[in-house]
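**Student:** To get my numbering, take the position in the sequence shown, counting from 1, and add 2.
Here a beta-carbon is modelled for each residue, glycine too, at the ideal position from N, C-alpha and C.
Take a look at the following structure, please.
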Amino acid sequence: MTVTAPPRPAAAPPPPARPSAVRRLAGFLLRQWRRLTAMRTAIVLLFLLALAAIPGSLLPQRSLSQSKVSQYATDHPTLAPLLDRLYLFDVFSSPWFAAVYLLLFVSLIGCVLPRALEHARALRTPPPPAPRRLSRLPDAAELSTPLPAAAALDVVEEELRVRRYRVVRRERGGVPELSAEKGLLKEAGNLVFHLALVALLLALAGGKLWGYEGSILVTEGQRFCNSFQQYDTYSAGALVEGSDLTPICVGLDDFRAEYEEDLTAASFTADVTYGAPGEAGRPTTIGVNDPLRVDGDRVYVTGHGFSPTFTVTLPDGTTFDDVSAPFLPTEQSTMASEGALKLPDLGAGAEDQLALQGFFAPTGLVQGGILTSIDPRPLAPQVAIVAYQGYLGLDSGLPQSVYSLDASQIERGRLSEVGRGNLSVGESLTLPDGTTVTFTGAKEFASLQFSHDPGQVWVLAAAIAVLAGLLGMLLLRRERVFARADTAAGDGGTVLGVGVLTRGSGDGTPRFTALTDDLRAALAARATTRAPSADGGAPRPEASPRDR
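See below:
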């Protein structure tokens with residue numbers, strides 16, 4: 003007797019293995035990368051970049067004008083510190099603007115490069131086969147012709163090739179068909195647009211890294227050389243060194259401002275000379291929108307003002323002729339200006355230094371002992387000055403503005419007021435120690451900005467490519483045409499099914515109607531040429547309707 007062992011129960015399947023931490027991290031990073039490189043994300047980041055640039059347009063920027071930022075801080079003492087902590091006075095160099103900029107850059111590259119590869123494959127790929135049911139396409143029609151199927155498709159192919167379609171003939175299930183396509187430049191325009199946008203970002207970044215700019219006030223008869231030490235304000239890219247600056251000097255010979263009848267400024271022009279250090283220089287004239295361009299560098303006129311001139315005569319007879327300092331405009335409509343002239347080398351000791359702080363009016367009018375300006379043109383220059391004598395603190399190591407006196411020196415008694423008065427041209431103010439200060443007139447100064455941007459040509463080229471790609475993307479249409487000899491008529495003719503699939507703006511029905519009308523005419527003409535002659539002879543040779 004054989005004893006059969008009871009069957010052993012089947013083993014339970016092992017639990018599914020959990021993915022390792024590395025795989026989970028890799029999956030998470032892959033999902034985030036796909037989100038970052040999606041076109042939707044790129045559009046959102048582009049919108050955020052444009053939104054982030056708005057404060058840089060509305061608020062004064064430290065890189066462009068430190069004085070305007072200081073004035074804004076004076077006018078808004080509570081709000082300005084908060085805005086400064088948010089980098090709103092340095093928008094384009096702030097960490098949050100750089101973060102949006104870099105994310106947009108990465109998103110565009112990750113989005114565009116795969117699409118460029120896919121488009122390159124599409125250029126080599128023939129049009130797809132015709133759909134089974136052409137009647138389901140948005141635009142479809144049936145054309146009857148006495149021609150056989152092959153000859154009818156020959157006519158369709160000729161008409162489509164004239165319209166610059168790529169045409170492929172196939173036969174599926176014994177039924178000949180045709181597929182045609184054009185408008186691949188639409189996708190090429192899309193790629194050009196996005197690639198040019200990446201190039202634009204690269205050019206802007208390169209200009210910031212290798213570019214620099216500085217601004218300076220130059221009085222008529224003075225000159226400056228391209229050196230960071232000479233500029234009033236300057237900014238330089240992270241990869242710029244002092245030796246990279248172009249060796250060039252610019253001198254201001256004459257400045258002219260023209261005004262409208264309502265005394266608003268019409269134009270500024272400056273006669274300048276420029277050249278390498280040690281050279282005599284070459285003369286030229288520049289304006290607000292007509293800068294000096296030298297080897298990729300540009301010198302702009304950004305503003306103007308006046309520098310009152312004085313002659314200072316010491317008690318021992320020593321004379322300092324035509325000493326001046328720029329007075330900054332406080333009211334653009336009348337060019338009323340304020341400033342300070344510091345004379346640290348008049349006496350033997352530090353306590354013998356002299357300073358003049360004052361108000362300049364191009365066309366002055368004194369009312370109730372107060373000087374005001376009534377015209378921006380220098381018709382009757384006057385100046386109201388307050389003279390201080392003592393220690394200016396220029397060698398203290400502490401920074402101070404060259405356009406005003408250090409108020410702390412006055413508060414501590416290091417500078418004492420020794421005289422004041424309103425002076426017209428030729429009038430003098432005599433100080434208690436016998437020093438005479440004579441107002442001799444005023445010269446005009448120009449606010450010049452020296453800019454070096456190696457990426458400007460690339461920015462222009464990329465901007466043109468962006469526009470060209472955008473026009474191609476908006477104006478071109480992607481279109482596919484399918485034709486099939488669906489049915490053989492009883493008399494040996496053919497019924498052609500024709501359908502069109504269009505991607506792009508606008509209604510494609512009028513173009514489809516025009517295409518089918520041309521096909522009917524071409525098929526009828528071809529059928530006529532194939533018909534037997536009237537005497538019962540052989541049919542006439544075929545001829546393309548384009549050859550007639």
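Buried or exposed for Thr76, please, with buried defined as at least 16 other CB atoms from any protein chain shown within 10 angstroms of its CB.
**Tutor:** With fewer than 16 other Cβ atoms within 10 Å, it is exposed.
**Student:** If you count every other CB in all the chains shown that lies within 10 Å of the CB of Arg486, and 16 or more means buried, which is it?
**Tutor:** It counts as buried.
**Student:** Bridge partners for Leu343 per DSSP, in chain order?
**Tutor:** Paired residues: Leu358.
**Student:** Need the endpoints of the alpha helix (DSSP H) that Ala44 sits in, please.
**Tutor:** Note, Ala44: alpha helix (DSSP H), Met41 to Leu60.
**Student:** Can you tell me the Cα-Cα spacing of Ile250 and Cys227, whole angstroms?
**Tutor:** So the two alpha carbons sit approximately 6 Å from each other.
**Student:** Would a C-beta distance cut-off of 7 Å place Gly216 and Asp455 closer than the cut-off?
**Tutor:** The answer is no: Cβ separation not under 7 Å.
**Student:** Taking only the alpha-carbon atoms, compute the straight-line gap between Ser22 and Arg36 and give it to the nearest angstrom.
**Tutor:** The straight-line gap from Cα to Cα measures roughly 21 Å.
**Student:** Looking at Pro178: is its Cβ nearer than 7 Å to the Cβ of Leu145?
**Tutor:** No, the Cβ-Cβ distance between Pro178 and Leu145 is not below 7 Å.
**Student:** In three-state DSSP terms, what is Gln384?
**Tutor:** Gln384: strand per DSSP, three-state reduction.
**Student:** For Ala448, is the classification buried or exposed, using 16 other Cβ atoms within 10 angstroms of its Cβ as the cut-off for buried?
**Tutor:** Label assigned to Ala448: buried.
**Student:** Compute the distance between the beta-carbons of Tyr276 and Val252, then report whether it is under 7 Å.
**Tutor:** Closer than 7 Å, so yes.
**Student:** Does the segment 296-313 come within contact of the segment 321-329, defined as at least 3 CB pairs closer than 8 Å?
**Tutor:** With the cut-off at 8 Å, the segment 296-313 and the segment 321-329 touch.
**Student:** Sort Arg225, Thr432 and Glu419 by Cα distance to Gly280 and report the nearest one.
**Tutor:** Answer by Cα proximity: Arg225.
**Student:** Just the C-alpha distance for Leu476 and Leu115, rounded to the nearest angstrom, thanks.
**Tutor:** In a straight line, the C-alpha of Leu476 is about 21 Å away from that of Leu115.
**Student:** Taking a contact to mean a Cβ-Cβ separation below 7 Å, would you say Glu200 touches Leu110 in this structure?
**Tutor:** Sequence check: residue 200 is Val here, not Glu. Closer than 7 Å, so yes.
**Student:** Using the Cβ count rule (16 or more neighbours within 10 Å means buried), how would you classify Val459?
**Tutor:** Result: exposed.
**Student:** As a quick exercise: from Glu183, Ala28 and Gly499, pick the residue whose alpha carbon is nearest that of Arg163.
**Tutor:** Of the candidates Glu183, Ala28 and Gly499, the one whose C-alpha sits nearest the C-alpha of Arg163 is Glu183.
**Student:** Between the alpha carbons of Leu125 and Asp509, how many angstroms are there, rounded?
**Tutor:** One C-alpha to the other measures close to 26 Å.
**Student:** Could you check which residue in Leu294, Gln402 and Thr271 has the C-alpha nearest to that of His306?
**Tutor:** Nearest option by C-alpha distance: Thr271.
**Student:** Rounded to whole angstroms, what is the Cα-Cα separation between Ser546 and Gly471?
**Tutor:** Residue placement at Ser546 is poorly supported in this model, since its pLDDT is 43, which falls under 50; the coordinates still yield a value, given next. For Ser546 and Gly471, the distance between alpha carbons rounds to 37 Å.
**Student:** For Leu211, which residues from the same chain have a beta carbon less than 7 Å from its beta carbon, with the 5 sequence-adjacent residues on both sides left out?
**Tutor:** Once the five neighbours on either side are set aside, the close Cβ partners of Leu211 are Gly239, Ala240 and Leu241.
**Student:** Once DSSP output is grouped into helix, strand and coil, what is the label at Pro285?
**Tutor:** If DSSP states are grouped into helix, strand and coil, Pro285 belongs with the strands.
**Student:** Could you check the C-alpha separation between Asn192 and Leu139 for me, to the nearest Å?
**Tutor:** About 25 Å.
**Student:** Compute the Euclidean distance between the alpha carbons of Met3 and Arg26, then round it to the nearest angstrom.
**Tutor:** Reliability of the predicted coordinates at Met3 is poor, the pLDDT of 49 falling under 50, and no value is obtained from them.
**Student:** Going by CA-CA distance only, name the one from Gly175, Gly371 and Asp273 that's closest to Arg134.
**Tutor:** For Arg134, the nearest C-alpha among the options comes from Gly175.
**Student:** Reducing DSSP to helix, strand and coil, say where Asp509 ends up.
**Tutor:** If DSSP states are grouped into helix, strand and coil, Asp509 belongs with coil.
**Student:** If you draw a straight line from the C-alpha of Ala267 to the C-alpha of Pro293, how long is it?
**Tutor:** Cα to Cα, the separation comes out at about 18 Å.
**Student:** Using 7 Å as the threshold, is the C-beta distance between Ser426 and Thr440 below it?
**Tutor:** No, the Cβ-Cβ distance between Ser426 and Thr440 is not below 7 Å.
**Student:** Pick helix, strand or coil for Leu219, following the three-state DSSP scheme.
**Tutor:** Strand.
**Student:** Under the three-state reduction of DSSP, which class applies to Asn192: helix, strand or coil?
**Tutor:** In this structure, Asn192 counts as helix in the three-state DSSP scheme.
**Student:** Can you tell me the Cα-Cα spacing of Phe514 and Leu202, whole angstroms?
**Tutor:** The alpha-carbon atoms of Phe514 and Leu202 are separated by roughly 39 Å.
**Student:** With 16 as the cutoff for other CB atoms within 10 Å, does Gln231 come out buried or exposed?
**Tutor:** Flag for Gln231 reads exposed.
**Student:** Tell me the rounded alpha-carbon separation between Val170 and Leu38.
**Tutor:** Straight-line Cα distance between these residues: approximately 39 Å.
**Student:** Please report the straight-line C-alpha distance between Pro62 and Asp86, rounded to a whole angstrom.
**Tutor:** Pro62 and Asp86: Cα-Cα distance of roughly 11 Å.
**Student:** Below 7 Å between beta carbons: does that hold for Ser406 and Ala342?
**Tutor:** Yes; because the gap between Cβ atoms is below 7 Å, this pair is in contact.
**Student:** Thinking C-alpha only, which one of Ser335, Gln402 and Ala464 is nearest Ser72?
**Tutor:** Ranking Ser335, Gln402 and Ala464 by Cα distance to Ser72 puts Gln402 first.
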